[in-house]
Every structure is written in C-alpha cells, then in structure tokens.
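In our numbering, the protein residues as written are 1 to 488. No residue lacks a Cβ here, since even glycine has one placed at the ideal position from N, Cα and C. All figures in this text were calculated on a predicted structure; none of them were measured in a lab. Accompanying notes for the structure given below.
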C-alpha cells in the first residue's frame, strides 16, 4: 500500500529525459487491483486511465470527498467539481496506468456513451454556459437582503401577533433563499477566483443563515459525488450523507435493515421498527426539525466540538477549518441578530421569543427539505460498491421539479432556487443557475438519444412519489421482520 503525496520514482521529473523515463516506466494495473484500494487509508483513484494513490490525503482542497471514489474512476466527478488545470496537482500522486482491457464491465457502447457526454460538456463550455452573469447575482442578493430587512422591520414596528408570526415565517423563507445563494457561490458558479465564492458563501451561509461553510462543503460535496448511494455498512462512510437518515427514515429495505448489525442480538430495535413502520406519517414532521439539526452540526463544526460523521471528524482533525476565524465570527454574529429579532428587540417574554425562533427555524427546515426531498427522495438507490457510471448515477437518482396542480412554473423557479433543474445541476454543478434552462434542453435531448431515464414531476406528484416510496419500504420491512418472529 502506498501513501498519498509520496511520489513514485520519476513522478516529479522536471526535464524531458526524466519525463520520458517516467512515461515508459509507469506500472500497469488492472481494474481488479485498483478496486482493492477503497478506504481513506489505502485509496487509489483513476483519472483518464491513470492511477493515483491518494491515501490519507485529507489535505485535498475539497476535503475528504475524494475518498468517495477510492477504488473507482473519478474522471467525470473530477471534471464536474474542478477548475481547468486542477489536474496538475495530481501529478505527484501518479503511480501507474490502468489497463483499459481489464475494465470488463464496460463494452464499446458504454465507452461511446462516456465519450459522448464528455463531448457534450466540452460543447457547453464552448457555448459559454459556464460563464456567470454577475448582474443576475447582484439582483438575487439585493432581493434576499430586502426580505431580511422587511422581516426585521416588521418585528421592530408591529405589536400585532399576526404580523410577528408572519415576520418569523417570512424570515424562515429568507433563510431558505439564503441557502440557494450560498449553494451557488460555494459551488463556484459565480466567480473564477474561488476564494471570492468562499467569502460570499461565508456571508450568506454563516452570517445570514447560521450554517458552517466547511460543514456544508463536507456534507454537500459528498452528496454530489455519490447521490443516493447506501453505505456499505452502518458504520462506513462510502454512501450519500443526505440519505444517511437511519434510524428515522429508510429509502430501501437494505437501509431499513442496516442497523441490525449494531444490535447485540442482530435484530431490529423497537425504535427502528416503530419509525420505519410509520415513516410516511413522520416524514413531514421530521422535515420541520431539519434546520435545528443543521444548526447544531454547524455550530459543532465551527467551534471544534464534534462532527456528524467519521468522514467529517477526520477532515476537521487532519485539515482543520479553512476559515477558522471567519467561520466562528459569522455564526456568533448570526445569533446576535437572531436573538434581537426573536425577542422583538427586547420587548417579548422568553417563552414567546422561543416560540418565534422555533416557528422561524422549523418553517425554514420545511421549505429547504421539501426541495431536497423532491430532488432525490423516492428515486433510484444503489449500493456504494455497485454504482453505475457518472451520468447514469446522477440522472437516475435525481428528479426535476415542474409547475403543475395549480402551482405556476415561475413560483417553482423562485422557490426552488435553481434546484428545480436538479438533474442538470448534478451533472454540471459549477454551471450558473441562470443557464440551467438552456442546459436542461441539451440534457433532455442527450438522454433521449442514449435512452437514459430522465424524470420530472410537479411538486404534488413528486411528493406523492416520495411518500409512496417510504410506504413501500415500510411494507417490505414489516413483512421482513414478521418473518423473523414476533414483533411485540
């Protein structure tokens, strides 16, 4: 087993002679050999048929997300997340070349398909679709700040309970819209200089929303890399953190059964049985609590008092926070203005202030998680070790949202903040929000040409699909544990 960053002989050659020696002396590896190196401490990845040893490379600028593709091909997810020229950083990790013929799960059709979607990306670059309109984002930020100012003003001037409740709910909607802006900036859709995107993300994330940028990056980048993939085991970190919802929600029978290995008797606990059996009824109440959980995890991440996953804990320990002072300062200032708002600038009682905080926070959790849930929940899930190619993984695990059932498309576009084109965003996460409509037409045409499933639903039908999925899994789970014996 190699160590990431310890370059093999000749990998850092600086003259033509050494470079030619490196080229001819690179080891050759089969796909089966690459797949043996699947853990963070022993991680090999493939990029354009070159093999790299990135073991223990927690210093990776994007964090521990790189280990989601340990033992796998990262060519397309690398292109989706990195600026041109980033591959130069990988040179010191080069250890060999992949023997293409050893990749037995790819036939000529699959290779042609992969070339076609890489060519589509190149075409989109030439069309200028990855260039942002700064004026658009100035407008979006100004609109968001007007929402914040209106909520703060109403809470300051009004003694009406109805107006105060409206202001708190509207502030929850403001938080949701902050989420979409921070999302765009931290995906580096706006600025070519990535630090500018990070600083703007700190404003909309930490200061205005109370979310830690680094917590969000660790969680969200992992989600993009492996959407709707189940962890190999209940304690592993090779799956999608956004569907790591056990023991309260399960998106497949395998996930519902995953906590058995944590029990001494190898059986489901009474709590798991209750939650999974009733999950279609508890789904929306759980969404109300989502923001409370995210605030808690963000605070722990920013102040170094815990992490939600082993993956995040190792990243924080090995790499630390990228912006430690700004992370802490942003979150502290966030709670300063939130306390002023929820207490009516000192006018309200403690119970009423807490009630306003919960209304604001839970409404935001509902607004945010509704869009997240429609984007992926109820779509295909895969085992981490059996993922399809990049394009099919992103498309088959994702649902676009359309207008319908009386909900106009313009409202869907605004409410979902670009994620109504969730499929297109997942394929091209660095593409600015205002260019997603044009991209959608290209992606839809490409999927039809290559016979790849592409799914859309309006907000009502999509919600029904999510609840039907939860109900189906619950029924499968009930049948399964009844077969195992008495449940009472």
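If we ignore side chains and look at the alpha-carbon of each, how far apart do residue i and residue j end up?
i           : j           : result
residue 152 : residue 170 : 10 Å
residue 174 : residue 184 : 16 Å
residue 282 : residue 275 : 8 Å
residue 189 : residue 380 : 27 Å
residue 47  : residue 69  : 11 Å
residue 295 : residue 212 : 8 Å
residue 410 : residue 403 : 8 Å
residue 136 : residue 108 : 43 Å
residue 470 : residue 287 : 14 Å
residue 422 : residue 357 : 30 Å
residue 92  : residue 81  : 20 Å
residue 434 : residue 332 : 32 Å
residue 430 : residue 147 : 26 Å
residue 27  : residue 467 : 51 Å
residue 451 : residue 127 : 24 Å
residue 360 : residue 371 : 17 Å
residue 130 : residue 124 : 7 Å
residue 25  : residue 89  : 21 Å
residue 176 : residue 365 : 8 Å
residue 330 : residue 215 : 14 Å
residue 472 : residue 86  : 44 Å
residue 415 : residue 425 : 16 Å
residue 284 : residue 293 : 15 Å
residue 160 : residue 343 : 14 Å
residue 306 : residue 321 : 13 Å
residue 368 : residue 264 : 37 Å
residue 477 : residue 243 : 17 Å
residue 462 : residue 401 : 8 Å
residue 334 : residue 349 : 21 Å
residue 202 : residue 252 : 35 Å
residue 195 : residue 326 : 13 Å
residue 224 : residue 397 : 11 Å
residue 339 : residue 345 : 8 Å
Looking only at its own chain, which residues have a Cβ that is under 6 Å from the Cβ of residue i, when we skip the five neighbours before and after it?
i           : result
residue 167 : 151, 154 and 155
residue 204 : 178, 181 and 182
residue 38  : 70 and 71
residue 441 : none
residue 394 : 426 and 427
Taking residue i as the reference, give the member of the options with the closest Cα.
i           : options               : result
residue 197 : 266, 323 and 311      : 323
residue 453 : 138, 443 and 348      : 443
residue 474 : 278, 124 and 72       : 278
residue 417 : 464, 181 and 72       : 181
residue 206 : 158, 303 and 269      : 303
residue 336 : 209, 300 and 36       : 209
residue 42  : 49, 61 and 66         : 66
residue 241 : 309, 427 and 83       : 309
residue 465 : 187, 376 and 479      : 376
residue 134 : 250, 192, 110 and 374 : 192
What residue does the alpha helix (DSSP H) around residue i start on, and which one ends it?
i           : result
residue 376 : 350-376
residue 140 : 134-157
residue 296 : 290-302
residue 115 : 108-126
residue 313 : 310-319
residue 423 : 422-427
residue 212 : Neither: residue 212 is in no alpha helix (DSSP H) and is coded neither H nor E.
residue 78  : 75-81
residue 334 : 324-342
residue 91  : Counting along the chain, residue 91 falls outside any alpha helix (DSSP H), and DSSP gives it neither H nor E.
residue 444 : 436-450
residue 267 : That residue, residue 267, is in no alpha helix (DSSP H); it is neither H nor E in DSSP.
residue 164 : 161-186
Based on the DSSP secondary-structure assignment, which residues constitute the bridge partners of residue i?
i           : result
residue 97  : 28 and 50
residue 401 : 457
residue 229 : 382
residue 38  : 43
residue 407 : 404
residue 72  : 45
In chain order, what residues of the same chain lie with their CB nearer than 7 Å to the CB of residue i, ignoring the 5 residues before and after it?
i           : result
residue 63  : 217, 218, 221, 315 and 319
residue 114 : 389
residue 51  : 29, 34, 44, 95, 96, 97 and 98
residue 103 : 31
residue 144 : 174, 177, 178 and 181
residue 260 : 266, 267 and 268
residue 74  : 45, 46 and 47
residue 436 : 418, 421, 424 and 425
residue 297 : 215 and 308
The ligand COA and residue i: does any heavy atom of the ligand fall closer than 7 Å to the residue's C-beta?
i          : result
residue 88 : Among the components modelled here there is no ligand, and therefore nothing to report on the ligand COA.
Short of 8 Å in beta carbon distance, which residues of its chain neighbour residue i, apart from the five on each side in sequence? Order them along the chain.
i           : result
residue 79  : 118 and 121
residue 328 : 302 and 303
Taking 8 Å as the CB-CB limit, is residue i close to chain B?
i          : result
residue 55 : Any reference to chain B falls outside this structure, which holds one protein chain only.
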